[in-house]
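First residue of the first sequence? That's 2 in our numbering, and the numbers climb one at a time after it. Cβ coordinates follow ideal geometry from the N, Cα and C atoms, glycine included. None of the values given here were measured: they were computed from a predicted structure.
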Amino acid sequence: MDRFNTFRISIEAFYRAHKRDLPWRKEVPVPYEVWLSEIILQQTRVAQGTPYFEKILAAFPSVEALAGAEEDHLLALWTGLGYYNRARNLQKGAKQIVADFDGQLPNSFAELLTIKGIGPYTAAAIASICFKEKIGVVDGNVYRVLSRYFGIETPINSSSGQKEFQALANECIAGTKHPDLYNQGIMEFGALHCTPKKPHCMTCPIADSCHAHNSGTVLELPIKLKKGKRSKETIHFGVVERENLVALKKRGTDSIWAGLYEFPRLNDAPEQGQLMAEPIVHKLSHKDLYCSFWAVSEDEISGDFNFYSKPEAQQLGMPIIIADFVAKKL
DNA sequence: AATTCGGGGTT
DNA sequence: AACCCAGAATT
C-alpha cells in the first residue's frame, strides 16, 4: 500500500462519515446544477453561496433558461455575492453550451475547460462528480491538506506550485473507484477538519502519517507568497432624486463591479451638494474604497444615466454598498 | 509571472 | 487587521 492510496482511502472514509447534505448533491448529480453550484462557490464559502444557488436555480432552472436570461436579472440575483464577472461568464458559458453542445454540459475535463468561466478546478469538479473522470480538484482546501500531509513547501500562489499540486492531486485520485467521492472528500476534509487556524489534529485519522503533524509545521503550511498592501480609492457618488425616482448608471465591462448599476460618480466633492451620510470605507480584498454619497441636482452629473423607482432599481444588479443604500436611505 | 476581479466570516 | 473561502481571466 503506497502513501497515495493510504491517504486516499482515509479521505474517502472521512467523507462517507461526515459529508454534508447540500442541495446539489444528489444520488445522480445533475450536471447543470453542479456547474451552477461550482461557479457560485468559487472563492465563496458554502454557507454564503448556498442561498444564491437556490434562488438562481429557481429563476433559471435549465441551461436554456440561463442562456436566455436578461443580464440585469441575473446580476440582480447575484447582488452581494461578488466577483460579478462570474455571472457574466456563466451566461456566456450557457450560450456556448446551447450553441456548441446541444444544451448538454460536455462530459470531459478537456471539453469543459473550453467553456467560459470554467477553469481547472471547476472542470475537474464537474468531470469527477458527474462523469467519474479521475482528475484531482485543486482548491484552497486541497492546497492546505496536500501541503500539510505530504510536506510540500512550494508556494501555492506560484505557477510552479499550481502545477505541482495539480500533479499531486492527480496522483492521489488515480487509484480510486469513486472520483466523485474522493474529490469532494478532500475538500470536505479541508473545510471541516484540516482547517487553516485550528486544525483538529488530536482527532485526525491520518495524523500519524501527516508530515506537517510529525514535524510540528501544521500552522506553517501551506506556504503562500505575501502580496502588497491594498490600495485606496476615493469615490464620490452623486445621488439625484426626482419624484421618487433616482438616477443610476450601468457600469462598463472593465474594472470592478462590471455591468452593475450605481449612482453616477462625481470627480470631486461637489461645490453644491449635501453629504447624505458619513463616508463609508468599503473594504474589498484588494483595495479600500472610501465612499461618499452626495445629494446633488441633476446638472451635477453627466453620462448616460436613467431614473428608476426603488422597486425598479432592486431588479438591477448593484454593488452591495449601493444596494444597501437604496434599501435603507431612499 | 502578476494583477485584478467581492464580500463576508474567523481568528 | 490579517487571513481565507469548493478560482478564473487578463495583462
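- In the DSSP assignment, Leu246 falls within the unbroken beta strand (DSSP E) covering Leu246 to Lys251.
- For Val327, the enclosing alpha helix (DSSP H) starts and ends at Ile321 to Lys330.
- As the crow flies, the alpha-carbon of Ser232 is around 28 Å from that of Lys329.
- Looking at the backbone, the Cα of Leu58 and that of Pro121 are separated by about 23 Å.
- In the three-state reduction of the DSSP assignment, His214 falls in the helix class, which pools H, G and I.
- Counting the other Cβ atoms within 10 Å of the Cβ of Leu276 gives fewer than 16, which makes it exposed.
- Scanning Pro62, Pro280 and Lys225 for the CA closest to the CA of His237 turns up Pro280.
- According to the DSSP assignment, Trp295 belongs to the beta strand (DSSP E) that extends over Lys288 to Ala296.
- The three-state reading of DSSP puts Asn142 in helix, counting H, G and I together.
- Beyond the five residues adjoining it in sequence on each side, Lys117 comes within less than 7 Å, by CB distance, of Asn90, Lys93, Gly94 and Gln97 in the same chain, given in chain order.
- Per the coordinates, the alpha-carbon of Asp140 lies some 30 Å from the alpha-carbon of Asp73.
- With fewer than 16 other Cβ atoms inside 10 Å of its own Cβ, Lys288 counts as exposed.
- Taken atom to atom, the span from the alpha-carbon of Val99 to that of Thr115 is near 14 Å.
- DSSP, read as helix, strand or coil, puts Gly191 in helix.
- Collapsing the DSSP output to three states places Val240 in a strand.
- Approximately 15 Å separates the beta-carbon atoms of Lys250 and Glu242; this is outside 8 Å, ruling out the contact.
- With a beta-carbon spacing of about 5 Å, Ile321 and Gly81 fall inside the 8 Å limit used to define contacts.
- The continuous beta strand (DSSP E) containing Asn307 extends over residues Asn307 to Ser310.
- The stretch 204–221 makes no contact with the stretch 162–181, as fewer than three CB pairs between them are under 8 Å.
- In the displayed model, Glu234 falls within a strand according to three-state DSSP.
- Taking each of Glu154, Lys227, Thr177 and Val143 in turn and checking the Cα distance to Cys195, the smallest one comes out for Val143.
- Cβ neighbours of Pro180 within its own chain (closer than 7 Å, five residues either side excluded): Ser129, Lys133, Glu134, Lys135 and Ile174.
- Excluding residues up to 5 positions away in sequence, Pro206 and Ile207 lie with their Cβ nearer than 8 Å to the Cβ of Ser11 in the same chain.
- Boundaries for His201: no beta strand (DSSP E) harbours it, and the DSSP string shows neither H nor E there.
- Here Ala77 is not near Leu331, since their CB atoms are 8 Å or more apart.
- Ser303 is classed as exposed because its beta carbon has fewer than 16 other beta carbons within 10 Å across all chains shown.
- Contact annotation: the stretch 220–228 does not touch the stretch 45–55, with fewer than three C-beta pairs closer than 8 Å.
- When the Cα atoms are used, Lys198 and Leu220 turn out to be separated by approximately 7 Å.
- For Leu226, DSSP assigns no beta-bridge partner whatsoever.
- Only residues of its own chain outside the window of five on either side were considered, and among them Ala125, Ala126, Ser129, Ile130, Gly137, Val138 and Ile174 have a CB closer than 8 Å to the CB of Asn184, listed in chain order.
- Non-local beta-carbon contacts of Lys56 in its own chain, meaning distances under 7 Å to residues more than five positions away in sequence, involve Leu78 in chain order.
- Counting every other CB atom within 10 Å of its CB across the protein chains shown gives Thr204 a total below 16, marking it as exposed.
- For Gly104, the CB contacts under 7 Å within the same chain, skipping 5 residues up- and downstream, are Val64, Glu65 and Ile98 in chain order.
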